[in-house]
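S.K.: Starting off with a structure, shown below.
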Amino acid sequence: MKYMMFVCSDTEPDTDTGDMPDIEKWVAENDSRGRRLDGSVLGPTSAATTVRVRNGRLLVSDGPFAETKEVIVGYDLLDCADLDEAIEVARAHPMARNGRLELRPLVDLDD
Numbered sequence: 001m002k003y004m005m006f007v008c009s010d011t012e013p014d015t016d017t018g019d020m021p022d023i024e025k026w027v028a029e030n031d032s033r034g035r036r037l038d039g040s041v042l043g044p045t046s047a048a049t050t051v052r053v054r055n056g057r058l059l060v061s062d063g064p065f066a067e068t069k070e071v072i073v074g075y076d077l078l079d080c081a082d083l084d085e086a087i088e089v090a091r092a093h094p095m096a097r098n099g100r101l102e103l104r105p106l107v108d109l110d111d
């Protein structure tokens, strides 16, 4: 099952002062096990462009669609056996402590 994992900032990061997981190790482990298909850090919200069409008219605006303190800062495309495995993969990601991770299953439109 494929999951899009949105990597988001959070206004309430973990206060645990223990060692943080290493992102390079997380990427290498999940790449080598075939659980991470793709991933990247996103540019800042100041570089975002929002595109809409209303009544046949194109509306383009600078910045993100939503005005929030938490923003999507990256993504990882996961391929896991099930949601439980995806949660375990997300749990080990450094941003699980400093931010938040949102897992969404990809829908197979052929089914």
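Everything in the sequence shown is counted per the UniProt record's numbering, starting at 1 for the first residue and increasing by one. For glycine and all other residues, C-beta sits at the position ideal for the given N, C-alpha and C.
State the start and end residues of the unbroken alpha helix (DSSP H) segment that holds Leu83.
M.R.: Counting from one through the sequence shown, the residue named residue 83 turns up at place 83. Where Leu83 is concerned, the enclosing alpha helix (DSSP H) stretches over 83-91.
S.K.: Just tell me which of His93, Asp76, Gly18 has its CA closest to the CA of Pro105.
M.R.: To locate residue 105, count along the sequence shown from 1; it is residue 105. Closest option to Pro105, Cα to Cα, is Asp76.
S.K.: Starting from the Cα of Ser95, find the closest Cα among Arg52, Asp110, Ile72 and give me that residue.
M.R.: Here the question's residue 95 lines up with position 95 in the sequence shown. At residue 95 the sequence reads Met, which differs from the Ser that was named. It is Ile72 whose Cα lies nearest to the Cα of Met95.
S.K.: The alpha helix (DSSP H) spanning Ser32 covers which residue range?
M.R.: Along the sequence shown, one-based indexing puts residue 32 at 32. 23-32 is the span of the alpha helix (DSSP H), which, as asked, contains Ser32.
S.K.: Name the two residues that bound the continuous alpha helix (DSSP H) containing Arg97.
M.R.: For the purposes of this step, residue 97 is identified with residue 97 of the sequence shown, where counting begins at 1. Element bounds for Arg97: 95-98.
S.K.: Could you tell me which residues DSSP puts in a beta bridge with Asp38?
M.R.: As a first step, residue 38 is located in the sequence shown; it is residue number 38 there, counting from the start. According to DSSP, Asp38 bridges with Leu77.
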